[in-house]
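Colleague:
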Amino acid sequence: MLRITERVTRRQALRKPIDLPIRYKLHSDSYRWGTVRDLSIGGFRVAGSGPGPNVGDHGEFSFTLGMGGKPVRVAAIVRWVRTDETGGYQCGLAFYKLPEAVRDLLLAYLFEKTGQASGAVAG
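Just so you know, full-length UniProt numbering puts 30 at position 30 of the sequence shown, and the rest follows in order with no gaps.
1) What residues are listed by DSSP as bridge partners for phenylalanine 61?
2) Since alanine 47 sits in a beta bridge, which residues does DSSP pair it with?
3) Between Leu26, Gly48 and Gly42, which has its C-alpha nearest threonine 86's C-alpha?
4) Does DSSP classify arginine 103 as helix, strand or coil?
5) Would you call the segment 97-111 in contact with the segment 46-60, where contact means no fewer than 3 C-beta pairs closer than 8 Å?
6) Please name the residue in Tyr109, Pro17 and Lys25 whose C-alpha comes closest to that of glycine 68.
7) In whole angstroms, give me the CA-to-CA distance for isoleucine 18 and histidine 27.
8) Among all the DSSP beta bridges, which residues are the ones paired with arginine 82?
9) Label valine 46 either buried or exposed according to how many other C-beta atoms from any shown protein chain fall within 10 Å of its C-beta, with 16 as the threshold for buried.
10) If leucine 107 and isoleucine 41 are in contact, beta carbons under 8 Å, what's the gap, nearest whole angstrom?
11) What residues in its chain sit with their C-beta under 6 Å from that of arginine 82, if we drop five residues either side in the sequence?
So, in structure tokens, the structure goes:
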């Protein structure tokens, strides 16, 4: 029981609402663009237009944390997808094979006390 509580607390503590452009490519698709709406140490939520990905799709995602920040490239898998009121989609993604250096960068960003949640697409 304590383990579940720790997991919920950790997720709530680390989730950060943001608005970052993202470029991504799913396993057998061309590159797409979207916006990261929130970020945690375990994954992120993306909003986009057009048809959304499918649950279980995986791919490579690129974004930059903060103005002048380092480009971040991660592998992630789609855990859920919802159509939104504009006809676009939102999807939740979980990181996998997250390198330690990227994990440290994400943790530093998530625990930043000041600064804006803005950035650019890593190219």
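Ideal Cβ placement from N, Cα and C applies to all residues, glycine included.
Computed from a predicted structure; not experimentally measured.
Modeller: The short version:
1) Note: phenylalanine 61 is bridge-paired with Tyr24 and Val74 in the DSSP secondary-structure output.
2) Listed as beta-bridge partners of alanine 47 by DSSP are Thr35 and Gln90.
3) Looking from the CA of threonine 86, the closest CA among Leu26, Gly48 and Gly42 belongs to Gly48.
4) In the displayed model, arginine 103 falls within a helix according to three-state DSSP.
5) Counting C-beta pairs closer than 8 Å gives fewer than three between the segment 97-111 and the segment 46-60, which falls short of the contact rule.
6) When only C-alpha atoms are compared, the closest one is Tyr109.
7) Rounded to the nearest angstrom, the two C-alpha atoms are 25 Å apart.
8) Within the DSSP bridge table, the entry for arginine 82 names Gln90 as partners.
9) Buried.
10) The pair is a contact, with the Cβ atoms about 6 Å apart (cut-off 8 Å).
11) Gln90.
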